[in-house]
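Numbered per our numbering, the sequence shown spans residues 110 to 426.
All residues carry an ideal CB built from backbone N, CA and C; glycine is no exception.
This report refers to the structure that appears directly beneath it.
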Amino acid sequence: MLANVAKYNILYHNEEPHVMQLENLRHGTELLKRGFAKMQKGGVIMDVTKPQEAQIAERAGAVAVMALHAVPADIRKAGGVARMADPEVISAIIDSVTIPVMGKARIGHFVEAEILEALGVDMVDESEVLTPADEMYHIDKNRFTIPFVCGARDLGEALRRINEGAAMIRTKGEAGTGDVREAVRHMRAIMEAIRELKGKNNEELISVARKIEAPAELVKETAELGRLAVVNFAAGGIATPADAALMMRLGADGVFVGSGIFKAENPERMARAIVEAVNNYDNPSVLAEVSKGLGGAMKGIDIRNLTEKDVLQARGL
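Printed below as a string of structure tokens:
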């Protein structure tokens with residue numbers, strides 16, 4: 110677990126550095142939970158299904174790994190009900206690396222989230238990639254001491270998840286496809302909606318809040334900040350270094366990569382290249398160099414060929 114390998118780190122808030130124990134930074138107040146999520150900013154978080162994959166991700170420079178029972182491409186292929194990973198596997202992954210380990214819980218399945226918290230993961234992803242447990246409610250993330258990340262397709266979804274206690278947002282994209290267009294669409298939608306808040310008066314912001322079904326206070330806060338109050342990562346269909354750099358150029362604070370690593374021809378080389386791409390997203394010369402000789406990217410699925418029942422992003426509004 111992160112707290113076992115690094116005792117102190119720095120969280121910057123209001124321009125003042127504060128030294129905090131990472132165990133406390135990871136658990137506790139909204140500020141601390143958001144602070145832990147902010148520490149992942151500028152990095153790559155990779156999906157892994159076993160300790161060996163987690164170690165590949167760590168060597169490649171991932172800032173964290175996401176433990177799950179199968180990568181999204183395999184979840185799509187297998188069908189059936191997708192659930193939280195085996196706790197024994199999650200514990201083995203935690204023990205195998207020194208970087209933070211996250212775990213996925215089904216939408217609304219607060220017991221899975223409690224189990225993940227008890228196992229010692231560093232963050233929970235309430236994920237549409239897994240089969241939703243509750244079609245009415247998301248997990249009340251405010252009652253947990255561990256931070257959560259949630260997916261969003263637009264500003265309304267993002268602010269609703271933040272209101273529930275999410276410390277990090279990620280674009281939903283369309284996981285397991287290797288087709289980045291939905292991640293692009295969702296990131297553009299969120300960023301454009303935030304830009305449109307600029308210059309609006311109080312009454313206009315309240316009107317926006319009603320329209321997007323989000324708390325007015327959060328709409329006002331977003332307008333003042335000119336961005337979401339929490340970090341906003343890109344996810345869903347990122348399969349190449351160029352994809353990762355594209356999402357950073359569109360305003361992402363970092364990227365999640367699922368099937369794009371371990372469904373590639375050379376996972377370790379692809380993992381390193383994507384990390385380098387995120388670190389150098391605005392340098393085409395570096396991007397060209399790191400993209401050389403990677404072997405084949407994941408085959409992927411053109412999202413236009415998906416049937417309605419196969420679309421994951423619509424889960425959890």
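Report the three-state DSSP secondary structure of residue i (helix, strand or coil).
i	result
Met245	coil
Lys401	coil
Arg294	helix
Gly170	coil
Met155	strand
Val366	strand
Thr349	coil
Ala323	coil
Ala176	strand
Met379	helix
Gly285	coil
Leu337	coil
Leu140	helix
Asp183	helix
Lys309	coil
Val317	helix
Lys147	helix
Pro393	helix
Ala386	helix
Leu453	Outside the shown range of the chain (110 to 426) lies residue 453, about which nothing can therefore be said.
Glu330	helix
Ala406	coil
Glu374	coil
Ala191	coil
Looking only at its chain, what residues have a beta carbon closer than 6 Å to the beta carbon of residue i, apart from the 5 residues adjacent to it on each side?
i	result
Ala268	Reading off the sequence, residue 268 comes out as Leu, not Ala. Excluding sequence neighbours, Leu268 sits near Ala323 and Leu327.
Lys142	Pro256 and Ala276
Ile385	Note that residue 385 is Glu in the sequence shown here, rather than Ile. Excluding sequence neighbours, Glu385 sits near Val399.
Glu226	Ile255
Phe219	Ile248
Ala344	Arg279, Thr280, Gly282 and Phe365
Glu125	Caution is warranted here: a pLDDT of 37 is assigned to Glu125, below 50, making its placement in the model unreliable, and the coordinate value is therefore given only provisionally. Around Glu125: no qualifying Cβ.
Gly170	Val384
Asn251	Gly274
Arg378	Leu403
Phe253	none
Asn341	Ile278 and Asp362
Just to confirm, is the Cβ distance from residue i to residue j under 8 Å?
i	j	result
Ala302	Asp362	no
Gly212	Ile199	yes
Gly282	Gly217	no
Arg290	Val258	no
Ile383	Val153	yes
Met193	Glu221	yes
Ile184	Gly285	yes
Glu235	Ala214	yes
Ala353	Val395	no
Leu314	Ala298	no
Ala191	Leu140	no
Met155	Ala380	yes
Pro350	Ile165	no
Ile224	Gly265	no
Val317	Leu334	no
Please work out which residues of its chain come closer than 7 Å, Cβ to Cβ, to residue i, disregarding the five sequence neighbours upstream and downstream, and give them in chain order.
i	result
Ala163	Val157, Val174, Ile202, Ser205 and Val206
Val339	Arg143, Ala146, Ile271, Ala275, Ala276, Met277 and Ile278
Ala179	Thr158 and Ala187
Glu330	Ala338
Met444	Because the chain in this structure spans residues 110 to 426, residue 444 falls outside the shown range and cannot be described.
Gly360	Met296 and Met300
Asp195	His178
Arg336	Ile303
Could you pull the DSSP bridge partners for residue i from this structure?
i	result
Thr240	Paired residue(s): none; Thr240 is not in a bridge.
Arg304	Partner(s): none; Arg304 has no beta bridge.
Ala343	Val364
Thr280	Ala261
Under 8 Å Cβ to Cβ from residue i, same chain only, skipping five residues before and after it: list those, please.
i	result
Gly405	Ala373 and Glu374
Ala242	Arg215, Ile216, Gly217, His218 and Glu221
Arg358	Tyr390 and Asp391
Taking 7 Å as the cut-off, is the CB of residue i close to at least one heavy atom of the ligand PLP?
i	result
Glu223	Absent from the structure shown: the ligand PLP. Ligands present: none.
Open item on the list: Going residue by residue through the segment 193-277, where are the continuous alpha helix (DSSP H) segments of at least 4 residues, counting only ones entirely within it?
Closed with: 196-205, 219-228 and 264-272
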